[in-house]
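There are 2 protein chains.
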Amino acid sequence: MSSYKDKKVITIGIVHELTGISERKIRYYEQRELIFPDRTKNGTRKYSFSDVERLTEIADMREEGVQTYEIKKDMKNKKKYKDVREDMLRGQLNAHFRMRK
Amino acid sequence: MSSYKDKKVITIGIVHELTGISERKIRYYEQRELIFPDRTKNGTRKYSFSDVERLTEIADMREEGVQTYEIKKDMKNKKKYKDVREDMLRGQLNAHFRMRK
DNA sequence: CGTGTAAGGAATTCTGACACG
DNA sequence: CGTGTAAGGAATTCTGACACG
């Protein structure tokens, strides 16, 4: 659902420049599965602008004392609600088409 | 007039991955003033998605045999026409407001 | 748990130059 | 003119580990 925003092309040093978040933290959040960079053929991490935004969100939550474990649970919840919304939409569409038949 | 597209965050190696254009060529087109990357504090070149698109345009023109000098002239022409269009627009606006006074 | 840091190696990038055509 | 390549150095990135709290 996008183009530039989700293209993974930014190296970790520049992500750090952009966000002020230490490379150590950025790598750690990946280890905790909060963020999922691509890799170049030689193993260098590549991030998208979306990842950069996500990282600032994570950093904000961490500053509020939220643990990485909770942040990850939050992600799942958001995904679940998103799926629920999509299911509901599908249901409505199905009902709609059933009526038209 | 943009955000992600013009943000200079992509290193030369990734630009090469993205376009297939050799780093030598990319640097050379900068020397000929066809492209203008930013630099990190330590001198590493940083390109935007716009730059990447511009580079593929340049590469296409080069394949057709157009010399860098001509490509540069083309840029100036495009800029001139753009300026002319903007001047005309300004002229129309001015005329419009004069009439309303 | 979350993050800093020193360690060692591998890959990246940079510049100036020589080559060829 | 446009581009490849080897050269040497500096900066980047990676991983695994130790430290502290």
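Sequence lines, in order, name chains A and B. Mapping of the first sequence onto the UniProt record's numbering: residues 1 to 101, in sequence order. Mapping of the second sequence onto the UniProt record's numbering: residues 1 to 101, in sequence order. By construction, the Cβ of each residue, glycine as well, lies at the ideal position given by its N, Cα and C atoms.
- Contact between residue 47/B and residue 76/B is absent: CB atoms are separated by about 21 Å, not below the 8 Å threshold.
- Chain order gives the chain B residues near residue 49/A as 3, 4, 7 and 9, where near means a beta carbon separation below 9 Å.
- If you look at residue 62/A, you'll find it in the alpha helix (DSSP H) that goes 49 to 63.
- Under a criterion of Cβ atoms nearer than 8 Å, the residues of chain B adjacent to residue 40/A are, in order, 13, 14 and 17.
- Per DSSP, reduced to three states, the secondary structure at residue 45/A is strand.
- Residue 84/A sits exposed, since fewer than 16 C-beta atoms from the chains shown fall within 10 Å of its C-beta.
- Between residue 21/B and residue 55/B, the gap from beta carbon to beta carbon is short of 7 Å.
- Rounded to whole angstroms, residue 65/A and residue 64/B show a C-alpha spacing of 59 Å.
- The three-state secondary structure of residue 27/A, taken from DSSP, is helix.
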